[in-house]
Amino acid sequence: MFHILVIFSVFASTYAQIDSRPVIHLPPAVSEVVKQITADCLKETKAEPEVAKRFFELKFDEDEISKKFLYCLGRKTNYVDEDGHLNDGIITLFDSSDRKENVQKVIETCNTIKKKNHLDTLFEIATCFYKNTPVLLFQ
């Protein structure tokens, strides 16, 4: 679990320093839940910690294990539906942002993506979202 905490904290902060978009930090209670779910999903998907590290650096790998990890994380946090689309609840993570409406538009646009299965759909939506969102979300 300690390795997950280090990955989640250090690499997200590093990425935020090289991107000019404003950063919103997860509420502490949500952050703790995400840390535990990250550990659970690494175990459940048999993914290496490097998969989580790259995800939290906002580098989305296209291999099956990485996609399964992303889907597991999304489902267990209840921010992704079974088809791989972002749920409306995810916008609450951006409540403190003055760009919340812009984030909502990005979610709506990216959520129109539909691929051959839920893993590919979520992968493409996540890629679309992080490419186009005006605000970055970190711990």
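According to mature numbering (1 follows the signal peptide of the UniProt record, and there is no 0), the sequence shown holds residues -16 to -1, 1 to 123 in order. The beta-carbon is built from N, C-alpha and C at its ideal position, and this holds for glycine as well. Note that this is a predicted model, so its numbers are computed, not measured.
query	result
Inter-stretch contact at 8 Å, needing at least 3 Cβ pairs: the segment 76 to 88 / the segment 41 to 48	no
DSSP beta-bridge partners of His9	Phe122
Local conformation of Leu70 per DSSP, three classes	strand
Residues sharing a beta bridge with Val64, DSSP	Leu70
CA-to-CA distance, Ile109 to Glu66, given in whole angstroms	13 Å
Residue 124 vs Phe53 beta-carbon contact at 7 Å	Lying before the first or after the last residue shown, residue 124 is absent from the chain, which here runs from -16 to 123.
Validate contact between the segment 25 to 38 and the segment 1 to 17 using beta carbons, cut 8 Å, 3 pairs	no
Residue 127 versus Leu103 - alpha carbon distance	Beyond the ends of the chain as shown, which are -16 and 123, falls residue 127; an answer cannot be given.
Buried/exposed call for Thr96, threshold 16 Cβ in 10 Å	exposed
Contacts around Ser80, its chain only, beta-carbon distance under 8 Å, and the 5 residues preceding and following it disregarded	Ile8
CA nearest to the CA of Ile74, picked from Thr117, Ala36, Lys99 and Glu41	Thr117
Three-state class that DSSP yields for Leu42 in the structure shown	coil
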